[in-house]
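Comments concern the structure below.
Residue numbers (our numbering), protein chains in the order written: chain A, -1 to 113; chain B, 9 to 124.
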């Protein structure tokens, strides 16, 4: 069974450009989460989808970030325009059940470098 | 608001020695507690979790953790480390079955180096 896959693994862009990160959750997992780790700091929650609906987007830093999950399958996270402080590793995770009793499966992350 | 503190940024341990990674949390109710590990080039993998019941929980790869409510701690232990345990370890807390709040709050991580 395929795990959570993320693309690209590493993206280098200049300030002001746009980047789109993609996450393919494990098949059948309705819950999809985005997290971010800025260099040397803690991993922070960004948002949570249940199928195609945004359940919780309280962690989204500002309106330069747009997350979508059309059809309830894969998700994209777009940063437009990118700023230097957006650099970090963006993790996607998925789970089959609501709440935290079900295991959360993480992808390897997409490293974003903004120059 | 919930928070997690991992006071040790980097720990170096000899292969075969015992290990304890510290984790302190702040949360108003009974927390759900987790330890994750990230090996180089991999995603985060769940080592173990605590929801309720026995405060000593066993996980994968020979790890265990003990929940101590009085100390707000959830330290991770292993009696004898292997070179393959070199990785970064993250402690996390969550609000449990609150379907309105399913996010995890992570600590800053502890990087473990194993020396021969």
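Where is the CB? At the ideal position from N, CA and C, for every residue including glycine.
- Residue 51 of chain A and residue 91 of chain B have their C-alpha atoms spaced approximately 43 Å apart.
- The Cβ atoms of residue 48 of chain A and residue 111 of chain A lie no closer than 8 Å to each other.
- Close CB contacts of residue 67 of chain B within its chain, under the 6 Å cut and outside five residues either way in sequence, are with 55 and 56 (chain order).
- Neighbourhood of residue 40 of chain B in chain A, by CB distance below 7 Å: 98, in chain order.
- In the DSSP assignment, residue 58 of chain B falls within the beta strand (DSSP E) that extends over 52 to 58.
- Under the three-state reduction of DSSP output, residue 79 of chain B falls in the helix class.
- Straight through space, the alpha carbons of residue 68 of chain A and residue 32 of chain A are spaced by roughly 15 Å.
- Spatial neighbours of residue 19 of chain A in its own chain (CB-CB distance under 6 Å, excluding positions within 5 residues in sequence) are listed in chain order as 75, 88 and 108.
- If you ignore the 5 residues before and after residue 65 of chain B, its C-beta comes within less than 6 Å of the C-beta of 56, 58 and 73, all in its own chain and listed in chain order.
- Of all residues in the stretch 59 to 78 of chain A, none comes within less than 7 Å of chain B when Cβ atoms are compared.
- Here the stretch 23 to 32 of chain B does not lie against the stretch 88 to 108 of chain A, with fewer than 3 beta-carbon pairs under 8 Å apart.
- Put simply, the backbone Cα of residue 97 of chain B is about 7 Å away from that of residue 120 of chain B.
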